[in-house]
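S.K.: Would you mind keeping the following structure in view while I ask a few things?
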Amino acid sequence: MMNGNAIQYKRRSQIGSVLYRLKKNKLAMFGLFLLIVMVLIAICADFIADYDEMAIGQNIQERLQRPSSEHWFGTDHFGRDIFARIVHGSRISLSLSIIAMLFAVAAGAIIGAIAGYYGGRTDDILMRFMDILLSIPPMLMSISIVAALGQSMVNLLIALGIAYVPVFARVIRSTILSIKGQEFIEAAKACGTSDARIIFKHIIPNAIGPIIVQATLAMGSVILIISSLSFMGLGVKPPAPEWGTMLYEGRDFLRQAPYLTLFPGAAITIAVVSLNLLGDGLRDALDPRLKD
Amino acid sequence: MGKYILRRLLMMFWVVLGISFIIFTIMNLTPGNPAQLILGQSATPEQIAKLEHELGLDSPFFVRYFNFIKDALKGDFGKSYQTRLPVVKEIIVRFPTTFKLSSISMLIAMTIGIPIGVISAIRQYSFVDAASMIAALLFASIPSFVLGLILMLVFSLNLKWFPATGISSWKSYVLPAITLSTFTMATLVRMTRSTMLEVLRQDFIRTSRAKGATEKSVILRHSLRNALLPIVTVIGVDFGYLLGGTVVIESVFAISGMGTLLINAIRMKDTPTVMATVIFVTLAYSFVNLLVDIAYAFIDPRIKSQYKG
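Taken in order, these protein sequences are the chains called B and U. Residue numbering for the first sequence follows my numbering, starting at 65 and increasing by one per position. Residue numbering for the second sequence follows my numbering, starting at 1093 and increasing by one per position.
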């Protein structure tokens, strides 16, 4: 660890230049801004609207009211305030997609790292298995798993995690293949460093850039899949104010109360737009060659 | 080339075998007894045992899986637990609807997405470019069912131009196909634009301009042809998203295709139907990707020579 300082310094400067390029990208900063606002809303949800009273508390006298100064986004067929539900829904969407991503990244990193590092037959077996998982479209995969295991948040997370593991395994494997041949890995091996230490200390930190880009973009599609599953009645159960669940409940009132569909739909779109903008920006910042 | 296709078909066989095993395991290890679900809560244990025997549910797991594979290779995917009719019959009725829907969507996405991507690349930073990039971003981010519901609200419930649900005539395909196509269209616009920008900056484009080729020939013959490879890859991958997306769209527009069949079958623990549906969709997806890989050879002669090995 004698050269720890030198490595620290170099890495910081690398991150510094990436951040510099990211800051110059206005669209990416706009995405980051939207994302930060959303995270703040999710954190402060309890101060904005009371969960028990406004988000899931029923109030039949005020059912199906149009948007007004009292109910900004109107009320649904149980008289629940749509604005309060969307605010609290941000908690569910963000936390579920982050947990699913972390699981997929962790499992994908381990599988991809082992496949890429050892190569040969290990690589063949692991990647063929990943290919099999990849040859089912992710939406179909998550639907099958959730529906078979039963509708619950944990099963939803398992389904999403499994559907995205192969994506990360591939990204990480290909990054590792490009790192593996470099001299510092050879040097570490020559020093007698264990395989596990080389993978976790030397290889994965160097593969972190592509992982972050992929995770940001995949989080957008995970939010889409969560809401799609909820919309089909396979995701988060009512009365939880998940955005897709709100659309599932609101679609019967499409003609009389279109705002039950439009506002949660807009919330999902904004969340995904912000992640896509940030992900694209990060990709350009990490790989200057791709910038026009 | 023939050898390459043969190898890919063999690979596809293993993929399908693997998938069938995964789905079979999931369906069998999860709680819920199909016999109980078919007969309802009032059934006696004797009735359940009798039905289990009829359906072959009382044999061990691996025996059942082995029997399934043996019959499937002969084209017999078993009988649905619910209707007691051969599963293949149901799929033959429903598969064309789903396949038509995803193919029409892919055609819409390609005929609109690729030209817009080319135009954006040629006129980089123009108004057209900015507008199409923003539109592409929005279309890639809006959930398909939200877009579907909005289109349904405007064009069927208010304007009454198209039917809102079911499949009765060609008009029924319009809204679902447009809804489904937008995501792929958006990815195609972005992909076409970025690869075209890359190609347009290369030396051979300057050379072809210098030798006096018309602008049309520079764009279409020299640039687009070289940019096609990544575009075709996106088409192959996105076809899978389309097949998965139909499940959601079919439920929005109440279309009786593979998606609605699958959802219903999963709920009823109808293992034969679930297995056959997933295998069919995966096969369709694998075939499309095989076609994409073969298309590579025609687009790029350099790849053709690789396939010979």
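A virtual CB, placed ideally from N, CA and C, is assigned to each residue, including glycine.
For B:N89, which residues from the same chain have a beta carbon less than 6 Å from its beta carbon, with the 5 sequence-adjacent residues on both sides left out?
M.R.: Counting only Cβ-Cβ distances below 6 Å, and skipping sequence neighbours, we find G345.
S.K.: Looking at U:A1278: is its Cβ nearer than 7 Å to the Cβ of U:S1197?
M.R.: In this structure, U:S1197 does not lie closer than 7 Å to U:A1278 by Cβ.
S.K.: Who does U:K1087 pair with in a DSSP beta bridge?
M.R.: No answer is possible for residue 1087 of chain U: the residues shown for chain U start at 1093 and end at 1401.
S.K.: Just list the residues that DSSP pairs B:D145 with in beta bridges.
M.R.: B:D145 pairs with B:T139.
S.K.: In the region 279-351 of chain B, which residue ranges form an unbroken alpha helix (DSSP H) of at least 4 residues, counting only runs that do not cross its ends?
M.R.: As far as the region 279-351 of chain B is concerned, its whole alpha helix (DSSP H) runs of at least 4 residues are 307-314 and 323-350.
S.K.: Quick check on the DSSP output: what are the complete beta strand (DSSP E) runs of length 3 or more inside the region 1294-1364 of chain U, in order along the chain?
M.R.: DSSP runs (the beta strand (DSSP E)) wholly in the region 1294-1364 of chain U: none.
S.K.: Distance cutoff 7 Å, beta carbons only. Does B:R319 sit that close to anything in chain U?
M.R.: Taking Cβ atoms only, chain U reaches closer than 7 Å to B:R319, which makes this a yes.
S.K.: So what's U:Q1128 in DSSP terms, helix, strand or just coil?
M.R.: Three-state result, U:Q1128: helix.
S.K.: Assuming U:L1320 and U:I1391 make a contact with CB atoms under 8 Å, what is their CB distance in whole Å?
M.R.: Between U:I1391 and U:L1320 the Cβ distance is about 5 Å, and since that is below 8 Å, they are a contact.
S.K.: Report yes if the CB atom of U:V1179 is closer than 7 Å to the CB atom of U:G1167, and no otherwise.
M.R.: Not closer than 7 Å, so no.
S.K.: Whole angstroms are fine: how far does the CA of U:E1146 sit from the CA of B:L198?
M.R.: Straight-line Cα distance between these residues: approximately 35 Å.
S.K.: Just tell me which of B:L91, B:R319 and B:Q215 has its CA closest to the CA of U:F1247.
M.R.: Nearest C-alpha to U:F1247: B:R319.
S.K.: So, is the C-beta of B:M203 closer than 7 Å to a C-beta in chain U?
M.R.: Chain U, which has a Cβ nearer than 7 Å to the Cβ of B:M203, makes this yes.
S.K.: How should U:P1152 be labelled, buried or exposed, when 16 other C-beta atoms within 10 angstroms of its C-beta is the threshold for buried?
M.R.: Exposed.
S.K.: For U:P1364 versus B:L288, is the C-beta spacing smaller than 7 Å?
M.R.: No, Cβ-Cβ distance for U:P1364 and B:L288 is not below 7 Å.
S.K.: Could you pull out every residue in the same chain whose Cβ sits closer than 7 Å to the Cβ of B:Q122, ignoring the five residues on either side in sequence?
M.R.: If we look at B:Q122 and ignore the five residues flanking it on each side, its Cβ neighbours are F142, G143 and R144.
S.K.: Quick check on the DSSP output: what are the complete alpha helix (DSSP H) runs of length 4 or more inside the region 151-235 of chain B, in order along the chain?
M.R.: DSSP runs (the alpha helix (DSSP H)) wholly in the region 151-235 of chain B: 184-198 and 202-213.
S.K.: Could you tell me whether the Cβ of B:P131 comes closer than 7 Å to any Cβ of chain U?
M.R.: Not one chain U Cβ lies under 7 Å of B:P131.
S.K.: Measuring only between beta-carbons, confirm whether B:T325 sits less than 7 Å from chain U.
M.R.: Yes - at least one Cβ of chain U is within 7 Å of the one on B:T325.
S.K.: Indicate the three-state DSSP secondary structure (helix, strand or coil) for U:Q1216 in the structure shown.
M.R.: Reduced to three states, the DSSP call for U:Q1216 is coil.
S.K.: Taking only beta-carbon atoms, is U:S1343 less than 7 Å away from chain B?
M.R.: Yes, its Cβ sits closer than 7 Å to a Cβ of chain B.
S.K.: Per the contact definition of three or more C-beta pairs closer than 8 Å, is the region 1321-1328 of chain U in contact with the region 1101-1120 of chain U?
M.R.: Contact between the region 1101-1120 of chain U and the region 1321-1328 of chain U is absent, because fewer than three Cβ pairs lie under 8 Å.
S.K.: Measure from the C-beta of B:K355 to each C-beta in chain U and report whether the shortest distance is under 7 Å.
M.R.: The predicted position of B:K355 is uncertain, since its pLDDT is 43 and thus under 50; no value can be drawn from it.
S.K.: Any beta carbon from chain B within less than 7 Å of U:V1238's own beta carbon?
M.R.: Chain B, which has a Cβ nearer than 7 Å to the Cβ of U:V1238, makes this yes.
S.K.: For chain B, check one thing: does any of its Cβ atoms lie closer than 7 Å to the Cβ of U:I1130?
M.R.: Judged by the 7 Å Cβ criterion, U:I1130 is not in contact with chain B.
S.K.: Would the beta-carbon of B:I105 be found less than 6 Å away from any heavy atom of the ligand ADP?
M.R.: Absent from the structure shown: the ligand ADP. Ligands present: none.
S.K.: Only counting the same chain, and skipping five residues up and downstream in sequence, which positions put a Cβ closer than 7 Å to that of U:L1438?
M.R.: Residue 1438 of chain U is absent from the structure shown; chain U starts at 1093 and stops at 1401.
S.K.: Quick check: the Cα distance between B:K87 and B:G80, rounded to an integer number of angstroms?
M.R.: Each residue's alpha carbon lies about 10 Å from the other.
S.K.: Between the beta-carbon of B:S285 and the beta-carbon of B:G308, is there less than 7 Å?
M.R.: Going by C-beta atoms, B:S285 is not nearer than 7 Å to B:G308.
S.K.: Please classify B:M310 as buried or exposed, where buried requires at least 16 other C-beta atoms within 10 Å of its C-beta.
M.R.: Classification of B:M310: buried, given that the 10 Å Cβ count is 16 or more.
S.K.: Applying a beta-carbon distance threshold of less than 7 Å, which residues of chain B neighbour U:R1359?
M.R.: Ordered by position in chain B, the residues that pass the 7 Å Cβ test against U:R1359 are A211.
S.K.: With 16 other CB atoms within 10 Å as the buried threshold, where does U:E1138 fall?
M.R.: U:E1138 should be labelled exposed.
S.K.: Determine, using beta carbons only, whether U:I1206 and U:L1280 come nearer to each other than 7 Å.
M.R.: Taking 7 Å as the Cβ cut-off, U:I1206 and U:L1280 qualify as a contacting pair.
S.K.: Taking Cβ positions, are B:G138 and B:I146 nearer each other than 7 Å?
M.R.: Yes; because the gap between Cβ atoms is below 7 Å, this pair is in contact.
S.K.: I need the boundaries of the alpha helix (DSSP H) containing U:N1159, first residue and last residue.
M.R.: First-last of the alpha helix (DSSP H) with U:N1159: F1153 to L1165.
S.K.: When the Cβ atoms of the region 186-194 of chain B are set against those of the region 260-273 of chain B, are three or more pairs found closer than 8 Å?
M.R.: No: fewer than three Cβ pairs fall under 8 Å.
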